[in-house]
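Those letters in the sequence shown? Residues 0 to 281, per the working numbering, in order.
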Amino acid sequence: MSDPIETIFETVAHTSTDIQGILGSRRSYEAGHNPSGEQQLAADVYADEQLETAVLALDEVGSYASEEREEVIEDNGTYHVVCDPLDGSSNLRSNNGMGTIIGIYDEKPPAPGEALLAAGYVLYGPITTMVTAVDGTVTEYLVEDGTRKILNENVKLPDDPVVYGFGGKAPEWPDDFAEYVGSIEQEWQLKLRYGGAMVADVNQVLTYGGIFGYPMLKERPESKLRLQFEGHPIAHIVATAGGASTDGTMSLVSKTPTELHERSPLFVGNQPLIGELESTIE
Ligand code: AHG
Ligand code: MN
Ligand code: MN
């Protein structure tokens, strides 16, 4: 009897090969907007439709929720899947990395971080990889022709941080956060790696050590990224790999969204960097 969580990830891996195959022909913007008010690419819509069909076809899946859809689609299984079908889709125009983010909960969303059973992402880069956090272990796979091959069966954040990347425009950063960035650059001497797709930037943090964040902004304290579809899964993966997460005050997995598409400031990376950030941000 195969593990239902691995069955879900195998299904996503299989679907990701199909998604990657159409990226070249779906770079145009659709007329529609997602529930966060962002204009949708044809690729966003296609990826969402493919993942919904594939995931809901599994008996064990009880619901599918996506950042591209207002409502949760209910079924009658016990595992609840949330999805950012194409993270960093604006990178399609510039042909840079992007990904698919998956969270698997034991209750229907909006769901608390504690209800997360597993999380994973697919990274469409020079090669396609999948990273999953299951039962306390982070595993990296090569995804080719819809199947997975293990590349690293115990991914751990390196102790010495090397890279950092923060979204938003520097003049929009609150002063205390700008002060923290100064420390990252001067004291920690980290190298800037910010590519416009969280999955690709977080994969650099998992590989080299460091921190990625999309901070609270002076005019937008709730920031940009979505707690349920981006924050919880990515925070769960980085914490399972020995790192930590915060919204500036508390870990992202300790937060419960009151609204499905709720946004949150998001930081993930090495624990000392997260600790220093929390002590800097009032
Ligand atoms: P999505 O394409 O799913 O909306 O996610 C894009 C997010 C995230 O992947 C990335 O880190 C961030 O938006 C980039 O935002 P900016 O373009 O403002 O830098
Ligand atoms: Mn995203
Ligand atoms: Mn997206």
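Even glycine gets a Cβ: it sits at the ideal position worked out from N, Cα and C. Here the structure is a predicted model, which means the values were calculated and not measured.
What do you reckon, is the C-beta of residue i under 8 Å from a heavy atom of ligand 1?
| i | result |
| --- | --- |
| Asp47 | no |
| Ala196 | yes |
| Asp83 | yes |
| Ser35 | yes |
| Met97 | yes |
| Gly166 | yes |
| Tyr120 | no |
| Tyr123 | no |
| Tyr163 | no |
| Tyr28 | no |
| Tyr63 | no |
| Tyr207 | no |
DSSP three-state label for residue i, please.
| i | result |
| --- | --- |
| Arg92 | helix |
| Gly31 | strand |
| Asn153 | coil |
| Glu5 | helix |
| Gly295 | Since the displayed the chain opens at 0 and closes at 281, residue 295 lies outside it and no answer follows. |
| Gly287 | In the structure as shown, the chain starts at 0 and stops at 281, and residue 287 therefore has no counterpart that could be examined. |
| Val274 | According to the sequence shown, residue 274 is Gly rather than Val. Three-state result, Gly274: helix. |
| Leu141 | strand |
| Ala132 | strand |
| Val161 | coil |
| Leu22 | helix |
| Ala12 | helix |
| Ala240 | coil |
| Leu265 | strand |
| Thr248 | coil |
| Thr127 | strand |
| Thr146 | strand |
Please classify residue i as buried or exposed, where buried requires at least 16 neighbouring CB atoms within 10 angstroms.
| i | result |
| --- | --- |
| Glu229 | buried |
| Thr77 | exposed |
| Gln227 | buried |
| His32 | exposed |
| Gly135 | exposed |
| Gln188 | exposed |
| Ala196 | buried |
| Ser65 | buried |
| Leu191 | exposed |
| Pro170 | exposed |
| Asp175 | exposed |
| Gly23 | exposed |
| Glu48 | exposed |
| Pro302 | Coverage of the chain is limited to positions 0 through 281, which leaves residue 302 absent and any answer about it impossible. |
| Asn269 | buried |
| Gly242 | buried |
| Gln218 | One detail in the question is off: residue 218 reads as Glu in this sequence, not Gln. Exposed: under 16 other Cβ atoms inside 10 Å. |
| Lys168 | exposed |
| Asn153 | exposed |
| Asp58 | exposed |
| Gln38 | exposed |
Between residue i and ligand 3, is there a pair consisting of the residue's CB and a ligand heavy atom that are separated by less than 8 Å?
| i | result |
| --- | --- |
| Glu51 | no |
| Pro67 | The amino acid at residue 67 is misidentified as Pro; the sequence shows Glu. Result yes, Cβ under 8 Å from ligand 3. |
| Gly174 | Residue identity check: residue 174 is Asp in the sequence provided, not Gly. Because no heavy atom of ligand 3 lies under 8 Å away, the Cβ of Asp174 does not count as near it: no. |
| Asp159 | no |
| Asp43 | yes |
When you measure from the CB of residue i to every non-hydrogen atom of ligand 2, does any distance come out below 8 Å?
| i | result |
| --- | --- |
| Phe228 | yes |
| Asp200 | no |
| Leu224 | yes |
| Gly87 | yes |
| Ile101 | no |
Would you say residue i lies against chain B (beta-carbon separation less than 9 Å)?
| i | result |
| --- | --- |
| Ala41 | The structure shown contains no chain B; it holds only a single protein chain. |
I'd like to know if the region 199–217 and the region 151–170 are in contact, where contact means that at least 3 CB-CB pairs between them fall below 8 Å. Contact between the region 199–217 and the region 151–170 is present: three or more C-beta pairs spanning the two stretches fall below 8 Å.
Would you check if there are 3 or more beta carbon pairs closer than 8 Å linking the region 248–262 to the region 145–154? Contact fails between the region 248–262 and the region 145–154, because fewer than three Cβ pairs, one in each stretch, are under 8 Å apart.
At least three beta-carbon pairs within less than 8 Å, the region 100–110 to the region 0–17: Yes: the two stretches touch, three or more of their Cβ pairs being nearer than 8 Å.
At 3 residues or longer, what runs of the beta strand (DSSP E) sit wholly inside the region 41–124? Runs of the beta strand (DSSP E) inside the region 41–124: 60–65, 78–86, 97–104 and 115–123.
Ranges of the beta strand (DSSP E) found wholly within the region 164–220, counting only runs of at least 3: For the region 164–220, whole beta strand (DSSP E) runs of length 3 or above, ordered along the chain, are 209–213.
The region 111–127 in contact with the region 136–143 per 3-pair CB rule at 8 Å: With the cut-off at 8 Å, the region 111–127 and the region 136–143 touch.
Count Cβ pairs between the region 81–99 and the region 47–61 that sit closer than 8 Å; are there 3 or more? A contact between stretches requires three or more CB pairs, one per stretch, nearer than 8 Å, and the region 81–99 meets this requirement with the region 47–61.
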